[in-house]
Amino acid sequence: MEQNFQTTQVGSWPRSRNLLKMLRGYQKGAVSRADFTAVAEDEIRRTVDLQEQAGLDILVDGEHRRESFYAFVTEKIGGTTLMSLAEMLDYVEDKAEFEEMLRTMDMPASAVKNPTCIGKLSRREPLALEDFHFMRTLTRKPVKITLPGPYLLTRSMWVTALTRKAYRNHKKMADDIVRILRDELIDLRDAGCDFVQFDEPVLTEVVMSEECDRRTFM
1 MEQNFQTTQV GSWPRSRNLL KMLRGYQKGA VSRADFTAVA EDEIRRTVDL
51 QEQAGLDILV DGEHRRESFY AFVTEKIGGT TLMSLAEMLD YVEDKAEFEE
101 MLRTMDMPAS AVKNPTCIGK LSRREPLALE DFHFMRTLTR KPVKITLPGP
151 YLLTRSMWVT ALTRKAYRNH KKMADDIVRI LRDELIDLRD AGCDFVQFDE
201 PVLTEVVMSE ECDRRTFM
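All residue numbers for the sequence shown refer to my numbering, where the first residue is 1 and numbers rise by one.
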């Protein structure tokens, strides 16, 4: 019977307590990258098995290696640092509005980490090429790699007091972000990746909000 559409999963996957424990240990320097990667890869294997058992057509790795779906880029992109929303309070222009945003969140501001641009951006290493190569060893089915989109990264990375030392405005920084993502896309294509998904959740503010210049999501 002809298949009318293909099925896939959005990208991220629930993480076990053990993986989260190892991630926190790795971030604090108490766990080696090799040990964390070994645990993450075990989780990825289980994630792939579950997707294949469910009959999905296009598989993802669950983003188990990542701090979050976009914060992980600080390990790959030069000129960035990872800051909690609480730490960012010292640098935002409209502190009252930012504090109001923090009050409406359903988690501690110290728990939410944001990639922040503090210098000229450069792609120190591929963002997700290693993820794809590992996935290719686990399945013959088409593989989808997820990446944070250019608008999301531009919106989240810009903190005027820190970023303007390297870039005059958002557009100049966005130009470098687009170049980095384009290079990543080409490398994934050349490696044989079947699908690349750019995540842009903040675009909902452009579509749904009357005022789009407020920093509400990140």
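The C-beta atom is built at its ideal place from N, Cα and C for all residues, glycine as well.
Does the Cβ of residue i have 16 or more other Cβ atoms within 10 Å, making it buried, or fewer, making it exposed?
i: residue 169; result: exposed
i: residue 180; result: buried
i: residue 190; result: exposed
i: residue 160; result: exposed
i: residue 55; result: exposed
i: residue 66; result: buried
i: residue 137; result: exposed
i: residue 20; result: exposed
i: residue 97; result: exposed
Can you grab the Cα-Cα spacing for the pair residue i / residue j, in whole Å?
i: residue 154; j: residue 33; result: 28 Å
i: residue 198; j: residue 145; result: 9 Å
i: residue 147; j: residue 196; result: 7 Å
i: residue 29; j: residue 22; result: 10 Å
i: residue 71; j: residue 82; result: 7 Å
i: residue 87; j: residue 182; result: 31 Å
i: residue 9; j: residue 177; result: 26 Å
i: residue 125; j: residue 59; result: 24 Å
i: residue 36; j: residue 130; result: 15 Å
i: residue 31; j: residue 123; result: 25 Å
i: residue 84; j: residue 175; result: 25 Å
i: residue 188; j: residue 208; result: 32 Å
i: residue 162; j: residue 7; result: 42 Å
i: residue 120; j: residue 53; result: 45 Å
i: residue 172; j: residue 80; result: 15 Å
i: residue 149; j: residue 192; result: 20 Å
Give me the DSSP bridge partner(s) of residue i.
i: residue 84; result: 113
i: residue 59; result: 143
i: residue 195; result: 144
i: residue 78; result: 122
Beta-carbon separation of residue i and residue j under 9 Å?
i: residue 194; j: residue 143; result: yes
i: residue 44; j: residue 134; result: yes
i: residue 247; j: residue 64; result: Lying before the first or after the last residue shown, residue 247 is absent from the chain, which here runs from 1 to 218.
i: residue 48; j: residue 57; result: no
i: residue 76; j: residue 152; result: no
i: residue 157; j: residue 115; result: yes
Enumerate, from N- to C-terminal direction, the unbroken beta strand (DSSP E) stretches of 3 or more residues contained entirely within the segment 5 to 38.
-> For the segment 5 to 38, not a single whole beta strand (DSSP E) run of length 3 or above is found.
Kindly provide the ranges of any beta strand (DSSP E) runs that are 3 or more residues long and lie completely inside the segment 112 to 160, ordered along the chain.
-> Those beta strand (DSSP E) runs which fall completely within the segment 112 to 160 and span 3+ residues are 113 to 123, 144 to 148.
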